[in-house]
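Chemist:
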Amino acid sequence: MNRRRRATAFWRGTATVDAPPASLAIETTTCCNLECVGCLRQWDSMPAGHMDATVYEAALAWPGIESVLLYGLGEPLLDPDIFDRIAAARARGLFVQLSTNGTLLDEHRRASLLDAQPHVVIVSLDAADAETYRRVRGEADFNAVTENLRAFAAAAAPRGIACIVQMVLLPENRDRVDHFRSAFASLPGVTLRFKADETLPRRQAAQHRRAGRVCPVLFAGPTFIRVDGSVLPCCHMLEEEPLGRVGDVDPDALWHHERLRELRVLHGAGRIEEIAACNRCSLPLPPRSITATALLLPPRVFRRLLPFVERLLR
């Protein structure tokens with residue numbers, strides 16, 4: 003019923019969504035060990051730190067959510083409690099997805115991650131050779147990262163954990179897509195994801211404009227919960243005033259906040275150019291009919307199909 007309500011609100015572009023968000027993106031840490039070219043950290047002023055346990059519990063207790071994406075503007079494996087947080091989300095029956103840069107995915111952390119049983123793990127590499135990796139991700143050991151990936155993929159597949167190997171399509175690596183595909187496509191149980199560079203409009207100081215297509219994030223999530231508990235409509239609104247703080251404000255009030263209602267109406271009317279953050283977002287959006295249909299899918303199906311849909315939108 004909730005999925006149908008979200009899909010209907012999205013299709014109509016209404017201010018009110020009579021169902022909670024389907025998913026939350028929970029930023030359990032803002033600490034990171036890399037300085038990647040295509041990362042929103044470059045525009046973030048949030049101090050480095052880890053999410054307090056009470057804030058995390060309040061986020062998981064948001065009524066009606068179906069899935070959590072445990073990442074934000076930090077490296078999740080730097081969060082000392084990340085494996086317990088995954089297990090806590092699983093214990094609530096939530097679909098759990100984690101994204102990591104793979105640098106810390108050594109034997110000990112691999113075992114802990116496998117035991118925590120997230121449904122999907124994204125390993126974001128952006129390169130299939132050391133030189134390209136250095137240009138886009140910095141001075142981490144590319145060979146060690148790929149060894150971590152191969153070992154994790156081999157162990158995850160028998161446990162039913164989906165492993166997605168991600169390449170953010172940057173000006174620095176766009177000519178290496180075929181190389182990336184040939185390097186990682188044969189890994190057991192692995193799906194390749196080629197993701198749009200969401201920071202390019204910012205770095206080029208230019209507007210992107212997406213032909214008035216409606217963003218499903220405003221109608222179904224993932225609603226972004228920052229490390230301090232502040233709630234934003236999405237991760238591209240870093241510079242804007244939060245809707246409130248999870249644990250301090252009723253989730254229903256956050257989801258029906260007047261500013262979020264205004265954003266939905268503007269999107270529904272095709273007036274994205276009036277919203278600065280949305281106007282510089284390069285997230286590719288399919289036609290409205292396809293997105294509305296996708297909102298009816300269970301999280302497990304939607305998240306696993308996403309890389310294939312994104313490939314069609316390239």
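When the count follows my numbering, it moves up by one through the sequence shown with no breaks and lands on 316 for the last residue.
Beta carbons are placed, not taken as given, at the ideal position from N, Cα and C, and that holds for glycine.
For the region 195 to 273, list the beta strand (DSSP E) runs that are entirely contained and at least 3 residues long, ordered along the chain.
Modeler: For the region 195 to 273, whole beta strand (DSSP E) runs of length 3 or above, ordered along the chain, are 225 to 227, 232 to 234.
Chemist: Looking at the unbroken beta strand (DSSP E) that takes in residue 69, where does it start and where does it end?
Modeler: From DSSP, the beta strand (DSSP E) with residue 69 extends over 69 to 72.
Chemist: Among 224, 54, 238, which has the Cα closest to the Cα of residue 301?
Modeler: Considering only alpha carbons, the answer is 224.
Chemist: Please classify residue 51 as buried or exposed, where buried requires at least 16 other C-beta atoms within 10 Å of its C-beta.
Modeler: Counting Cβ neighbours within 10 Å, residue 51 comes out exposed, since fewer than 16 surround it.
Chemist: Would you mind working out which of 68, 157, 272, 227 sits nearest residue 289, comparing C-alpha positions?
Modeler: Answer by Cα proximity: 272.
Chemist: Since residue 26 sits in a beta bridge, which residues does DSSP pair it with?
Modeler: The partner list for residue 26 (beta bridge, DSSP) reads 70, 225.
Chemist: Assuming residue 267 and residue 17 make a contact with CB atoms under 8 Å, what is their CB distance in whole Å?
Modeler: Rounded, the Cβ-Cβ distance is 5 Å, consistent with contact.
Chemist: Could you check whether the region 113 to 124 touches the region 162 to 172, counting it as contact only if at least three pairs of C-beta atoms, one from each stretch, sit closer than 8 Å?
Modeler: Yes, the region 113 to 124 is in contact with the region 162 to 172.
Chemist: Taking Cβ positions, are residue 157 and residue 92 nearer each other than 8 Å?
Modeler: No.
Chemist: Look at the Cβ atom of residue 101, then the Cβ atom of residue 67, and state whether they are nearer than 8 Å.
Modeler: In this structure, residue 67 does not lie closer than 8 Å to residue 101 by Cβ.
Chemist: Verify whether the separation of the beta carbon atoms of residue 248 and residue 229 is less than 8 Å.
Modeler: The answer is no: Cβ separation not under 8 Å.
Chemist: If you follow the alpha helix (DSSP H) that residue 292 is part of, which residue opens it and which one closes it?
Modeler: Looking at the DSSP string, the run of the alpha helix (DSSP H) that includes residue 292 is 290 to 296.
Chemist: Reducing DSSP to helix, strand and coil, say where residue 184 ends up.
Modeler: Three-state DSSP puts residue 184 in a helix.
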